[in-house]
Amino acid sequence: TEKESSKSKEKDKNDSNELDPKIENIYFQLMKALFEGKNQFFQNFYKKNKIFIDINQVLIEGNTLLLLAVREGNYQITKFLCEEQADVNIQNSDGNTALHYAIGKQFFSIADLLNMYGAKEDLLNLKGLSPWDCIEHNVD
């Protein structure tokens, strides 16, 4: 029936990973600020658009904003996102957590920060490596 077809189309739309273009632009602006080291802009823009943001939204290569901030070695943004309740144990498409990157890249002050927010040291990535195993292996 027409009603069932409409429900099916709505379900398909909701199941897709595509973001509304306006929301996608918000994430783009946040990632741009992060990669350019514009910490104050990132924080202000995040706060201004917080109502539209899922802090754990999967973005580039299965990474969230927190994972990207840690990969960049950005302590200030990492701390900000932790304070905003980002999931410190979320795993990307390779199974890496923020702690895998922090330890693997020897950003130990960021690793300490993540531990303060409940990062688990026993989560394994798809290669079977714990965060501490990543000191000896490239996690990029």
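Using our numbering, you'd call the opening residue of the sequence shown number 203 and step up by one each time. Note that the Cβ used here is the ideal one computed from N, Cα and C, for glycine as well.
For residue i versus residue j, is the C-beta distance shorter than 7 Å?
i, j, result
"Gln278", "Asn241", "yes"
"Ile305", "Ile337", "yes"
"Ile228", "Phe254", "yes"
"Glu274", "Ser295", "no"
With 16 other CB atoms within 10 Å as the buried threshold, where does residue i fall?
i, result
"Lys307", "buried"
"Leu328", "exposed"
"Phe309", "buried"
"Gln287", "exposed"
"Pro223", "exposed"
"Phe237", "exposed"
Kindly list the residues whose CB is nearer than 7 Å to the CB of residue i, restricted to its own chain and excluding five residues on each side of it in sequence; keep chain order.
i, result
"Ala300", "Leu268, Leu269, Val272, Val290, Leu316, Ala321"
So residue i and residue j are supposed to be a Cβ contact under 8 Å. How far apart are they, rounded?
i, j, result
"Cys284", "Tyr319", "4 Å"
"Ile225", "Asn258", "Not quite, the Cβ-Cβ distance comes to about 14 Å (not below 8 Å), so this is no contact."
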